[in-house]
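Under the numbering used here, the first residue of the sequence shown is numbered 15, with each subsequent residue one higher.
We treat Cβ as the ideally placed atom computed from N, Cα and C, and that holds for glycine.
Everything numeric in this text was worked out from a predicted model, so none of it was measured.
Everything below concerns the one structure shown next.
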Amino acid sequence: MAAPILDECLLRSDSPLASLSSASSFFFSRSLRRPLRSVSLASVPSPPARTAGAGFRIGCLSTANAAFSISSSHEREKSRLKDFIHISDFDKETIMSILQKASEVKALLKSGDRAFQPFKGKTMAMIFSKPSMRTRVSFETGFSLLGGHAIYLGPDDIQMGKREDTRDVARVLSRYNDIIMARVFAHQDILDLGKFASVPVVNGLTDYNHPCQIMADALTIIEHIGQLEGAKIVYVGDGNNIVHSWLLLASVVPLHFVCACPKGFEPDEKTVEKARSAGISKIVLTDNPREAVEGADVVYSDVWASMGQKEQVSFRRQKFQSFQVDEAMMELAGSKAYFMHCLPAERGFEVTDGVIEAPNSIVFTQAENRMHAQNAIMMHLFGL
């Protein structure tokens with residue numbers, strides 16, 4: 015097993031998270047092999063009372079980050095990007111720093127403390143071309159819990175590229191808001207928003223990728239397995255935006271990533287090549303899911319027909335019949351394998367009810383971690 019990917023996080027003495035450093039350290043224990051729900055957060059100490067003038071700031075620095083501070087200007091630029099559009103835009107140290115920050119803020123919120131308000135006075139515009147319960151609630155609730163105010167803009171409120179040019183939308187929203195989150199169909203829309211907005215832009219999902227979801231997934235894997243680096247993640251199903259995001263992460267963080275999908279439903283070739291050419295991860299594509307899951311740390315599934323593909327449902331269900339994650343497939347994976355799904359799940363199709371309700375299913379912790387990972391992403395973009 016590879017060495018742990020995170021070193022000790024150093025907290026500023028004036029941070030309310032300083033007292034939680036020991037509580038959050040269990041997230042990165044290599045020996046951890048139990049669901050997070052078995053860990054009681056009742057024992058998490060309350061953070062110190064805020065004193066006048068005390069700043070609430072997290073300063074996460076690992077020994078790797080210390081070396082990183084004297085690295086090339088290119089690497090420094092990657093850690094200070096304005097937007098969060100592709101997970102591979104960032105280097106490993108930055109990704110792991112964000113995940114460490116997510117675990118700390120999660121522990122703080124779990125303790126019941128609400129004094130930490132890094133987003134106080136800030137507003138976020140949330141653009142939803144595609145509806146989503148999890149994306150809206152996780153962003154809106156998370157931003158509010160940390161002191162900010164989020165504004166929902168649905169398809170009836172904004173039609174980028176139709177009623178108004180995306181360039182104009184980006185510029186106008188930048189005048190009103192401190193950050194923009196967008197969940198859209200076309201990947202070009204998020205690229206254009208990032209190009210023309212003067213404030214940070216967060217990719218809430220496109221047809222090409224879903225980076226916030228994979229950051230939540232990575233946090234969940236660290237919590238349950240003990241580390242991300244070297245983990246065997248086996249995705250079973252359609253080679254979609256979730257797969258693309260895993261491949262992009264594998265181009266930055268060493269993984270053993272396997273995509274088991276029917277022939278004709280493989281992920282984007284250029285994205286596969288990007289992951290392979292990075293030379294740090296083992297990338298496997300196969301059409302044999304039962305062979306693929308053997309020895310997996312995580313078996314991951316998603317719907318067979320994404321939003322915008324519903325006219326293909328009958329055809330896809332026929333093609334994907336042998337790719338259902340059932341109890342027999344999880345037995346092949348082994349007793350230590352966890353099941354993950356980005357939700358919503360179509361129970362009885364890509365996954366059985368028994369698998370999603372099993373003790374080794376961590377889908378609801380995974381869903382919760384969307385909020386914590388996204389909060390940490392936004393804190394990073396704000397320089398907090």
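For residue i, report the span of its beta strand (DSSP E) as first-last.
i, result
"Ala139", "137-142"
"Phe271", "270-274"
"Gly368", "Segment 367-370 is the alpha helix (DSSP H) holding Gly368; no beta strand (DSSP E) there."
"Asn217", "215-219"
"Lys246", "246-250"
In three-state terms, what does DSSP make of residue i?
i, result
"Ser315", "strand"
"Arg185", "helix"
"Ala196", "strand"
"Arg290", "helix"
"Ile376", "coil"
"Lys296", "strand"
"Tyr166", "strand"
"Ile172", "coil"
"Arg177", "coil"
"Asn191", "coil"
"Phe337", "helix"
"Phe396", "helix"
"Glu382", "helix"
"Val53", "With a pLDDT of only 36 at Val53, under 50, the local geometry of the prediction cannot be trusted, and the value read off the model is given with reservation. Reduced to three states, the DSSP call for Val53 is coil."
Below 6 Å CB to CB, which residues in the same chain sit around residue i once its five sequence neighbours on both sides are set aside?
i, result
"Phe396", "none"
"Val215", "Asp97, Ile194, Leu207, Gly208"
"Met174", "Thr180, Val183, Asp203"
"Phe279", "Asp252, Gly253"
Could you round the C-beta distance between residue i and residue j to whole angstroms and report it? I think they count as a contact, below 8 Å.
i, j, result
"Thr137", "Ile109", "The pair is not a contact, with the Cβ atoms about 27 Å apart (cut-off 8 Å)."
"Asp301", "Ala274", "7 Å"
"Val286", "Ile297", "7 Å"
"Ser338", "Glu364", "It is worth fixing the name first, because residue 338 is Gln in this sequence and not Ser. Confirmed, about 6 Å."
"Leu95", "Asp105", "About 10 Å separates the two Cβ atoms, so there is no contact after all."
"Phe210", "Ser143", "No, Phe210 and Ser143 are not in contact; Cβ-Cβ is about 17 Å, not under 8 Å."
"Ala139", "Asn389", "About 17 Å separates the two Cβ atoms, so there is no contact after all."
"Asn217", "Ile99", "5 Å"
"Val248", "Ala292", "That belief does not hold up - the Cβ atoms of Val248 and Ala292 are roughly 20 Å apart, past 8 Å."
"His238", "Ile391", "Actually they do not touch by this definition, with Cβ atoms about 21 Å apart."
"Pro281", "Val257", "4 Å"
Kindly list the residues whose CB is nearer than 7 Å to the CB of residue i, restricted to its own chain and excluding five residues on each side of it in sequence; keep chain order.
i, result
"Ala319", "Gln326, Val327, Arg330"
"Leu346", "Arg304, Val307, Glu308"
"Ala230", "Gln380, Asn383, Arg384, Ala387"
"Asn374", "Ala351, Tyr352, Phe353"
"Ser212", "Ser188"
"Ile235", "Leu242, Ala245, Val312"
"Leu357", "Arg148, Val377, Ala381"
At what residues does the alpha helix (DSSP H) containing residue i begin and finish?
i, result
"Phe353", "Per DSSP, Phe353 belongs to no alpha helix (DSSP H); it is in the beta strand (DSSP E), 352-355."
"Lys115", "106-124"
"Ile228", "225-239"
"Phe153", "147-159"
"His258", "255-264"
"Leu207", "201-210"
"Val327", "327-333"
"Arg128", "It is not in any alpha helix (DSSP H) - Arg128 carries neither H nor E in the DSSP assignment."
"Glu308", "Run containing Glu308: none; DSSP gives neither H nor E here."
Is it buried or exposed for residue i, if we count other Cβ within 10 angstroms and need 16 for buried?
i, result
"Gln114", "buried"
"Ala387", "buried"
"Glu371", "exposed"
"Thr402", "Nothing can be reported for residue 402: it is not among the residues displayed for the chain, which extend from 15 to 398."
"Ser83", "Low confidence applies here, because Ser83 scores a pLDDT of 40, under 50, leaving its location unreliable; read the following figure in that light. The residue in question, Ser83, is exposed, as its Cβ has fewer than 16 Cβ neighbours within 10 Å."
"Arg197", "buried"
"Lys176", "exposed"
"Thr369", "Looking at the sequence itself, residue 369 is Val, so the reference to Thr does not match. That one is buried."
"Glu283", "exposed"
"Asp171", "exposed"
"Gln241", "buried"
"Gly156", "buried"
"Ala129", "exposed"
"Tyr314", "buried"
"Val317", "buried"
"Leu233", "buried"
"Lys134", "exposed"
"Ser152", "buried"
"Ser125", "buried"
Could you name the residues of the same chain whose beta carbon sits closer than 8 Å to that of residue i, not counting the 5 residues immediately before and after it, in chain order?
i, result
"Ile101", "Ile109, Asn223, Pro225, Ile228, Met229, Ser259, Leu262, Leu263, Val266"
"Lys277", "Asp301"
"Asp367", "Arg361"
"His201", "Thr220, Asp221, Tyr222, Asn223"
"Ala289", "Leu261, Leu262, Ala264, Ser265, Phe271, Ser295, Ile297"
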